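Residue numbers (the numbering used here): 918 to 1067. Idealized CB from N, CA, C, for every residue including glycine. Since this is a predicted model, take the numbers as computed values, not measurements. Accompanying notes for the structure given below.
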Amino acid sequence: MDLRTAGVVIQILKLMAVSDGNMAPEEQELLESLSKRYLKEAAIPSWAAAFSHPNDLEVLAEEIPEECRALTAKLSYMVIASSRDAYQFTVNSDEQKAFARLCDALALDQDTQNELIVEAKNELAKRPGLWEVLSSSFSSPFRMGDSPGP
């Protein structure tokens, strides 16, 4: 995932986290950390400078390359389910609507959406959890200065 795509995905995750009008402390801490790290690496002063329409889910989704769309949807579901009680991954109706809008904008069919939800729930059931999944998903853009491995 290139740096620009990573930034778009992070912004989508932020929008998903507030889709129900509330951002849980776990969601906020995680996304602020990713955001600061991304903006620093990309030398972008703010989200406003990074995107012309930073709060339009559909516009942002259009910028996601096809090969990153399933991962974007899965990570988004993990974010909206991350603040739930342990092993209770119910998302509320506002979050479900936002997830459906995102999947529509990403052109993911219902079967794919269902598979991604199952994968997201399975990942969340594992420990240590969401931070490690997100960190590994975004690891290459944040290590731009590192030499590639063998």
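Can you have a look at T1007 and say buried or exposed, based on whether 16 or more other CB atoms are within 10 angstroms of its CB?
Taking the sequence shown and counting its residues from 1, the one referred to as residue 1007 is at position 90. Under this definition T1007 is an exposed residue.
Looking at the unbroken alpha helix (DSSP H) that takes in T1007, where does it start and where does it end?
Here the question's residue 1007 lines up with position 90 in the sequence shown. Secondary structure note for T1007: it is in no alpha helix (DSSP H), with a DSSP letter that is neither H nor E.
N935 by DSSP, collapsed to three states: which one?
Against the sequence shown, residue 935 aligns to sequence position 18. The residue asked about is misnamed: residue 935 is Val in this sequence, not Asn. The answer is coil: DSSP assigns V935 none of H, G, I, E or B.
Contact between the region 934 to 943 and the region 980 to 987 is defined here as three or more beta-carbon pairs at a separation below 8 Å; is this criterion met?
no
Checking 9 Å against the spacing of the C-beta atoms, do A1037 and L1019 come in under that value?
What you label residue 1037 is simply residue 120 of the sequence shown in a count that begins at 1. What you label residue 1019 is simply residue 102 of the sequence shown in a count that begins at 1. No, the pair does not count as a contact, with Cβ atoms beyond the cut-off.
Three-state secondary structure (DSSP) at K1038?
Start at 1 with the first residue of the sequence shown, and residue 1038 comes out as number 121. Correct three-state label for K1038: helix.
For a test of the three-state rule: what should DSSP assign to L1025, helix, strand or coil?
By one-based count along the sequence shown, residue 1025 stands at place 108. Coil.
Using a Cβ-Cβ cutoff of less than 7 Å, which residues in the same chain neighbour S993 once the five nearest sequence positions on both sides are dropped?
For the purposes of this step, residue 993 is taken as residue 76 along the sequence shown, with counting starting at 1. If we look at S993 and ignore the five residues flanking it on each side, its Cβ neighbours are I929, L930, M933, F1016 and L1019.
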